[in-house]
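J.:
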Amino acid sequence: MLVKQELVKLGFKCLHVDLGTVEIKEEISLEKKELLKRVLLQSGLELLEDSKHILIEKIKSVIIEMIHYEDKIPKVNYSSYISKKLNYDYSYLSNTFSEVKGITIQQYIIFHKIEKVKELLLYDQLTLTEISFKLHYSSVAHLSNQFKKVTGLSPSYYKELKLRRNKNLEYL
Numbered sequence: 005m006l007v008k009q010e011l012v013k014l015g016f017k018c019l020h021v022d023l024g025t026v027e028i029k030e031e032i033s034l035e036k037k038e039l040l041k042r043v044l045l046q047s048g049l050e051l052l053e054d055s056k057h058i059l060i061e062k063i064k065s066v067i068i069e070m071i072h073y074e075d076k077i078p079k080v081n082y083s084s085y086i087s088k089k090l091n092y093d094y095s096y097l098s099n100t101f102s103e104v105k106g107i108t109i110q111q112y113i114i115f116h117k118i119e120k121v122k123e124l125l126l127y128d129q130l131t132l133t134e135i136s137f138k139l140h141y142s143s144v145a146h147l148s149n150q151f152k153k154v155t156g157l158s159p160s161y162y163k164e165l166k167l168r169r170n171k172n173l174e175y176l
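Position in the sequence shown counted from 1, then plus 4, gives you the numbering used here.
In structure tokens form, the structure reads like this:
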């Protein structure tokens with residue numbers, strides 16, 4: 005809503021406003037475009053005009069939503085899920101992502117899954133086996149190996165470090 009309000013204040017007629025995208029009825033002059041960029045930056049947002057960068061942001065949003073905000077991560081193949089959500093061939097999405105970001109979609113997914121594992125470890129409500137099952141790892145060993153590759157620590161050592169750190173903070 006913030007984006008739409010700012011656009012209306014600037015005199016734009018919005019046809020469609022959705023997370024990450026805006027469709028405007030008229031052509032935008034260079035002056036208005038620069039003004040829009042400044043207003044969006046003040047709100048912590050960025051005007052993306054390059055279609056590849058827009059697509060990358062959409063891919064990232066789908067992955068983040070899938071891993072961090074859905075109650076259950078879809079059991080389907082990630083490539084199928086992303087492809088279906090964005091209505092693009094996965095090969096195209098994968099090649100574009102790698103070209104622009106310098107990492108694969110799979111590496112990006114792994115990074116976010118490990119961030120989710122860290123979060124769940126710190127909540128201390130699930131065992132490592134339950135976390136492994138929840139995030140669709142084939143085994144606890146697979147999760148642990150991936151966690152160690154990304155963080156350099158085992159999941160149990162990571163949890164222990166965080167708990168020790170929190171206890172030390174309590175004494176300050």
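Where a beta carbon is used, it is the ideal one built from N, C-alpha and C, also for glycine.
Note that the structure is a prediction, hence the values are computed from the model and not measured.
Using 8 Å as the cut-off, can you tell me whether the stretch 123-130 makes contact with the stretch 89-108, which would need three or more C-beta pairs spanning the two stretches below that distance?
T.: Too few Cβ pairs lie closer than 8 Å, so no.
J.: Short of 6 Å in beta carbon distance, which residues of its chain neighbour V66, apart from the five on each side in sequence? Order them along the chain.
T.: Answer for V66: I86, K89, listed in chain order.
J.: Between Y162 and K117, which are expected to be in contact by the criterion C-beta below 8 Å, what is the C-beta distance as a whole number of angstroms?
T.: Incorrect: roughly 14 Å between the Cβ atoms, too far for contact.
J.: So, is S160 buried or exposed, given that buried needs 16 or more other C-beta atoms within 10 angstroms?
T.: S160 comes out exposed.
J.: Is there contact here, the stretch 57-72 with the stretch 98-115, by at least three beta-carbon pairs under 8 Å?
T.: Cβ pair count under 8 Å is three or more, so yes.
J.: For V7 versus L39, is the C-beta spacing smaller than 8 Å?
T.: The answer is no: Cβ separation not under 8 Å.
J.: Let me know if S142 comes out buried or exposed under the rule of 16 or more other beta-carbons within 10 Å of its beta-carbon.
T.: It is exposed - the Cβ of S142 has fewer than 16 other Cβ atoms within 10 Å.
J.: Grab me the residues of K120's own chain with a C-beta within less than 8 Å of its C-beta, minus the 5 sequence neighbours each way, in chain order.
T.: Once the five neighbours on either side are set aside, the close Cβ partners of K120 are I71, H72, L139.
J.: Alpha carbon to alpha carbon, how far is N170 from E30? Give it in angstroms, no decimals.
T.: So the two alpha carbons sit approximately 54 Å from each other.
J.: Let me check understanding here. Comparing Cα to Cα, which of V154, N172, T155, T108 lies closest to I60?
T.: Comparing Cα-Cα distances from I60 to each of V154, N172, T155, T108, the minimum goes to T108.
J.: Quick check on H57: does DSSP put it in helix, strand or coil?
T.: In the structure shown, H57 sits in a helix (DSSP, three-state: H, G or I).
J.: So within the stretch 98-134, which uninterrupted beta strand (DSSP E) runs reach at least 3 residues, ignoring any that extend past its ends?
T.: Taking only runs of at least 3 residues, no beta strand (DSSP E) segment lies wholly in the stretch 98-134.
J.: Under 8 Å between the Cβ atoms of L147 and S158?
T.: No, the pair does not count as a contact, with Cβ atoms beyond the cut-off.
J.: Confirm, please, whether the CB-CB distance from K36 to L11 is below 8 Å.
T.: No.
J.: Could you say which of T133, V154, T155 lies nearest to A145 if we only look at CA atoms?
T.: The shortest Cα separation from A145 among T133, V154, T155 belongs to T133.
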